[in-house]
Amino acid sequence: MILGIESTAHTFGLGIVENGKVIANAKDTYTTNSGGIIPIEAARHHKNVSEEVYSKFLQEAKIKGSEIDAIAFSQGPGLAPCLIEGIKFAKELSRKLNKPLIPVNHCIAHLEVGKITGAKDPVMLYASGANTQVIAYASEKYRIFGETLDIGIGNFIDTFARYLGMGFPGGPKIEKLALESKNYIELPYKVKGMDIALSGILTNLKQKVESGKFRREDLAYSMQETVFAMLVEVSERAMAHIGKKELLLGGGVGCNKRLQEMARIMCEERDAKFFVPDNSLLTDNGAMIAFAGEIMFKSGIKFSPNKLNKLDIKPRQRTDEVEVTWR
Ligand code: AMP
Ligand code: MG
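When we follow the working numbering, the leftmost residue of the sequence shown carries the number 1236, and every step to the right adds one.
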């Protein structure tokens, strides 16, 4: 049994995986009524809830700490203050239970857990709060074939939601609002080769909101149609370029039904398979860390409790920096 700990941003999550099956998955997420994430406050949130989430989690899963074989944790990328709370918690538990730690790259965990859906060798459109990347395995690494040049898609949507007076996370509220419109308002479309850029579109949206000349639902609808088309376009180009026949969605923005629909249509049109995990595995969660951790652990990756000083957080770790020795 592998315990996974997620703490890269807004979510403190715990999960248990055994032989590729999710046994338990629980989380406590930092939210706000109006502003965005304040890293120090999110970290304080994790610190405050960790003990309680952990004991409740084990109780509900009917698992004793001693049954856990190893502890996987999110090493990066993410907000440093939040990662620090995660690694502290992981190290304390490792010493207490006398079990090894497994450092996991958060983005790769999103991709690995997607295999639960049956995807074998997919291109992943990883659309989350801070990260937006098109990732696939090629030449012994998970490589980034396209990405945002400025802000993550989730942060972009959350900021737009904030302009409309909504709190964090704004994505689900914007999705609901967008359903009330079919009136497309032209917005800039920014695909540059395999990459996308979002900050210019955000400025444009901000001006449109402030002008008071547009309906909120029309802006929400038009925003989704524009930026999701950009995401699907670069995903398709990556699939064509590396000759892969599967697309996997990952990250919290992947919960969006319209994005799922657009990605599915693109896949159907090019005779590719489309996979999307359950919402509980799309947004940040502990089970995905446990899932990737188990694969790594079985390949021999672990740090025993007397080697913990060798482990630190990696707030800026890139997906393609990770040596993939487990495939
Ligand atoms: P993650 O960082 O992967 O946990 O994803 C969190 C991000 O997903 C936040 O920016 C949310 O606003 C966004 N999100 C969650 N649900 C939806 C949705 N239904 N539509 C769009 N964005 C969403
Ligand atoms: Mg994520």
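Where a beta carbon is used, it is the ideal one built from N, C-alpha and C, also for glycine.
On the premise that Leu1466 lies in contact with Gly1349, defined as a C-beta separation below 8 angstroms, what is that separation, rounded to the nearest angstrom?
Taking the first residue of the sequence shown as position 1, residue 1349 is located at position 114. Taking the first residue of the sequence shown as position 1, residue 1466 is located at position 231. In fact, because the Cβ distance is near 16 angstroms, the residues do not count as touching under 8 angstroms.
What do you reckon, is the C-beta of Ser1309 under 7 angstroms from a heavy atom of ligand 1?
Numbered from its first residue, the sequence shown carries residue 1309 at position 74. Incorrect: Ser1309 has no Cβ contact closer than 7 angstroms to ligand 1.
Taking contact to mean 3 or more Cβ pairs, one atom from each stretch, closer than 8 angstroms, check whether the segment 1414–1425 and the segment 1450–1468 are in contact.
Verdict: yes, contact present.
I want to know whether the segment 1294–1308 touches the segment 1431–1444 - three or more CB-CB distances under 8 angstroms.
Contact fails: fewer than three Cβ-Cβ distances are below 8 angstroms.
Residues bridged to Phe1247 by DSSP?
Here residue 1247 refers to the residue found at position 12 of the sequence shown. Asp1263.
The alpha helix (DSSP H) that contains Arg1472, what's its start and end?
The residue you call residue 1472 lines up with position 237 of the sequence shown. Following the DSSP letters along the chain, one finds Arg1472 inside the alpha helix (DSSP H) bounded by residues 1451–1477.
Tell me which residues share the same chain as Glu1503 and place their Cβ nearer than 8 angstroms to its Cβ, disregarding the 5 neighbours each side in the sequence.
On the sequence shown, residue 1503 is found 268 positions in, with the first residue counted as 1. Non-local beta-carbon contacts of Glu1503 in its own chain, meaning distances under 8 angstroms to residues more than five positions away in sequence, involve Phe1509 in chain order.
Glu1327: first and last residue of the uninterrupted alpha helix (DSSP H) it sits in:
By 1-based counting over the sequence shown, the position of residue 1327 is 92. Element bounds for Glu1327: 1315–1332.
Does Val1369 come out as helix, strand or coil in the three-state DSSP assignment?
Your numbering for residue 1369 matches position 134 in the sequence shown. In the structure shown, Val1369 sits in a strand (DSSP, three-state: E or B).
Residues whose Cβ lies closer than 5 angstroms to any heavy atom of ligand 1, in chain order:
A residue is listed when its beta-carbon falls short of 5 angstroms from at least one non-hydrogen atom of ligand 1; in chain order these are Ser1363, Gly1364, Gly1389, Asp1393, Pro1404, Gly1406, Pro1407, Glu1410, Gly1486, Gly1487, Val1488, Cys1490, Asn1491, Thr1518, Asp1519.
For the segment 1349–1361 against the segment 1470–1483, do three or more pairs of beta-carbon atoms, one drawn from each stretch, fall closer than 8 angstroms, so that the two count as touching?
Judged by Cβ distances under 8 angstroms, the segment 1349–1361 makes contact with the segment 1470–1483, as three or more pairs qualify.
Roughly how many whole angstroms lie between the Cα atoms of Thr1243 and Gly1255?
On the sequence shown, position 8 is the one that residue 1243 refers to. On the sequence shown, position 20 is the one that residue 1255 refers to. Spanning the alpha carbons of Thr1243 and Gly1255 requires a straight line of approximately 23 angstroms.
Quick one: measure Cβ to Cβ for Asp1555 and Lys1427, integer angstroms, because I've assumed they're closer than 8 angstroms.
As a working mapping, residue 1555 is identified with position 320 in the sequence shown. As a working mapping, residue 1427 is identified with position 192 in the sequence shown. About 19 angstroms; that fails the 8 angstroms criterion.
Any contact between the segment 1514–1526 and the segment 1534–1553? By contact I mean 3 or more CB pairs, one from each, below 8 angstroms.
Taking 8 angstroms as the limit for Cβ pairs, the verdict is that the segment 1534–1553 does not touch the segment 1514–1526.
Check whether the Cβ atoms of Gly1406 and Asn1514 lie closer than 8 angstroms to each other.
Numbered from its first residue, the sequence shown carries residue 1406 at position 171. Numbered from its first residue, the sequence shown carries residue 1514 at position 279. A distance of 8 angstroms or more separates the beta carbons of Gly1406 and Asn1514.
Name the two residues that bound the continuous alpha helix (DSSP H) containing Met1497.
Working through the sequence shown from its first residue, we reach residue 1497 at position 262. Met1497 -> alpha helix (DSSP H) spans 1492–1504.
Below 7 angstroms, is the gap between the Cβ of His1281 and the nearest heavy atom of ligand 3?
Summarising the ligand content, the structure contains ligand 1 and ligand 2 and does not contain ligand 3.
Would Glu1496 and Ile1237 qualify as a contact pair, given that the criterion is a beta-carbon distance under 8 angstroms?
Taking the first residue of the sequence shown as position 1, residue 1496 is located at position 261. Taking the first residue of the sequence shown as position 1, residue 1237 is located at position 2. Not a contact, by the Cβ cut-off of 8 angstroms.
The segment 1305–1322 touching the segment 1336–1354, judged by at least three CB pairs closer than 8 angstroms
Under the three-pair Cβ rule at 8 angstroms, the segment 1305–1322 counts as touching the segment 1336–1354.
Identified DSSP bridge partners for Arg1397:
Position 162 of the sequence shown, counting from 1, holds the residue named residue 1397. Beta-bridge pairing links Arg1397 to no other residue.
I want to know whether the segment 1534–1544 touches the segment 1368–1382 - three or more CB-CB distances under 8 angstroms.
By the Cβ criterion, the segment 1534–1544 is not in contact with the segment 1368–1382, since fewer than three pairs of Cβ atoms, one from each stretch, lie closer than 8 angstroms.
Provide the residue span of the alpha helix (DSSP H) that contains Gly1406, from first to last.
Walking along the sequence shown from the start, residue 1406 turns up at place 171. That run of the alpha helix (DSSP H) goes 1406–1413.
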